[in-house]
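Residue numbers (my numbering): 1 to 205.
Glycine residues also receive a C-beta, built at the ideal position from the N, C-alpha and C atoms.
Below is one structure, written out as structure tokens, with a few remarks after it.
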């Protein structure tokens with residue numbers, strides 16, 4: 001009877017250890033495989049027509065080991081650029097994001113509406129533009145241009161791109177170098193006209 005009791009107690013202890021270890025391990029692996037930033041984007045108060053279809057891409061490390069994480073989401077909207085932009089800007093402001101007026105927003109000239117936002121340790125780029133609705137080529141023929149394609153002329157809606165980065169990895173949060181216009185064209189390494197030692201150096205014969 002004593003041996004049976006010991007065996008039962010040992011089995012119960014083993015099962016308890018497995019359960020206590022398996023549950024934290026499950027939630028830990030789940031947290032590693034899923035980015036909470038996308039959860040906040042999912043919780044944005046936007047109507048269904050403004051998020052008809054979304055595609056997510058992730059690159060980099062969450063702990064910024066070699067490269068900090070970059071989260072990108074592309075969303076299709078069923079309504080025009082102006083209305084879609086208003087909806088997303090209102091949703092971001094309601095979720096605690098604040099407009100970020102900074103140079104290099106965007107880095108290059110972009111069509112549509114491009115705005116930048118900040119919240120806590122994150123930065124967000126929002127780009128709303130008209131979609132490129134050109135049908136694919138058929139039987140090896142070249143793709144039709146938007147002007148020549150009837151499908152492109154009937155294309156409606158807009159395309160939304162959201163890019164979220166860690167503020168510490170966003171170069172726009174760092175001091176930007178300024179260029180003095182008065183120095184433009186000057187030689188950064190001027191030639192000394194006199195000997196710094198105060199005497200001329202004879203040229204070798």
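Taking C-beta atoms as the reference points, residue 88 and residue 44 count as a pair closer than 9 Å.
As a beta-bridge residue in DSSP terms, residue 115 pairs with 126. Counting the other Cβ atoms within 10 Å of the Cβ of residue 116 gives 16 or more, which makes it buried.
With fewer than 16 neighbouring CB atoms inside 10 Å of its own CB, residue 59 falls in the exposed class. Put simply, the region 95-110 does not touch the region 78-87. Fewer than three CB pairs are less than 8 Å apart. Taken atom to atom, the span from the alpha-carbon of residue 53 to that of residue 170 is near 28 Å. In this structure residue 132 is exposed. Its beta-carbon is surrounded by fewer than 16 other beta-carbon atoms within 10 angstroms. By the neighbour-count criterion, in which 16 or more other beta carbons inside 10 Å mark a residue as buried, residue 73 falls on the buried side. When the alpha-carbon of residue 77 is set against those of 49, 56 and 64, the nearest one is in 49. If the five residues before and after residue 46 are omitted, its C-beta is found closer than 7 Å to the C-beta atoms of 87, 88 and 91, all from its own chain and listed in chain order. Taking the Cα positions, residue 157 is about 14 Å away from residue 127.
The criterion of a C-beta distance shorter than 9 Å is satisfied by residue 125 and residue 161.
For residue 40, the enclosing alpha helix (DSSP H) covers residues 36-42.
About 6 Å separates the beta carbon of residue 165 from that of residue 70, a gap short enough to meet the 8 Å contact definition. The beta carbon of residue 122 is closer than 8 Å to those of 37, 164, 165, 166 and 167 in its chain, skipping five residues each way along the sequence.
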